[in-house]
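In the numbering used here, the protein residues as written are 16 to 132.
What follows is the structure, encoded as structure tokens:
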């Protein structure tokens with residue numbers, strides 16, 4: 016078995032093995048998330064390292080953060096708009112949508128209460 020870590024482009028089987036996401040799910044995600052854009056050569060999908068990073072991010076948001084597909088779409092779209100132009104620390108004033116910041120704060124406070132019990 017060859018090491019696919021250094022390949023510039025990966026086929027769907029390699030991406031599936033690397034990310035732990037089944038190939039049929041990857042094909043579905045391509046339709047749902049416009050951020051995943053594998054190139055095609057003779058009908059064969061070739062994923063870049065950037066595609067793999069996005070797939071891992073989507074997997075984390077869906078499976079670990081428990082977001083819905085619509086929630087992930089919104090997150091990925093907002094993520095691009097919220098990038099701060101300078102290297103200042105992340106703070107509430109830098110957020111376009113402070114509701115997300117407030118929700119995170121509330122979740123952290125809830126976790127703290129559980130840990131204190």
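Heads up, the beta-carbon is just placed ideally off N, CA and C, and yes, glycines get one too.
Identity of the residue in the options nearest residue i by Cα
i, options, result
"residue 60", "77, 69, 42", "42"
"residue 63", "30, 132, 118, 35", "30"
"residue 56", "79, 49, 26", "26"
"residue 78", "127, 115, 118, 40", "40"
"residue 53", "23, 32, 72", "23"
Contacts around residue i, its chain only, beta-carbon distance under 6 Å, and the 5 residues preceding and following it disregarded
i, result
"residue 45", "51"
"residue 101", "Because the pLDDT of residue 101 is 38, which lies under 50, any placement of that residue in the model is unreliable, and the question is left without a value."
Sub-7 Å separation of residue i and residue j beta-carbons
i, j, result
"residue 76", "residue 87", "yes"
"residue 92", "residue 70", "no"
"residue 84", "residue 131", "no"
"residue 36", "residue 74", "yes"
Same chain, Cβ closer than 8 Å to residue i, neighbours up to 5 away in sequence not counted
i, result
"residue 82", "76, 90"
Beta-carbon contacts of residue i that lie in its chain and below 7 Å, excluding the five residues immediately before and after
i, result
"residue 123", "none"
"residue 28", "38"
"residue 114", "none"
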